[in-house]
Amino acid sequence: ATYYNWKRQLAEQGEEHFGKRVRSQQIRQLQQLEKENRQLKELVAEKELLIRALKEAREKKT
Numbered sequence: 001a002t003y004y005n006w007k008r009q010l011a012e013q014g015e016e017h018f019g020k021r022v023r024s025q026q027i028r029q030l031q032q033l034e035k036e037n038r039q040l041k042e043l044v045a046e047k048e049l050l051i052r053a054l055k056e057a058r059e060k061k062t
């Protein structure tokens, strides 16, 4: 369905307008992915710190 919507928009609004809209959508999607990537990196860093702390605590017990 999306292909046909794009094709119809291209026919109605012309290539220049269509391209701007697609780029705008891509920019928003890229920004969302960058935000998600930052959040995931923070989670990984937190987990790494927790793992390191647990390993150090285990080593002190032995």
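Using full-length UniProt numbering, read the sequence shown as starting at 1 and increasing by one per residue.
Beta carbons are placed, not taken as given, at the ideal position from N, Cα and C, and that holds for glycine.
query, result
"Under the three-state DSSP convention, the category T2 falls into", "helix"
"Cα-Cα separation between T2 and R58, rounded to whole angstroms", "55 Å"
"Span separating the alpha-carbon of S24 from that of L43", "29 Å"
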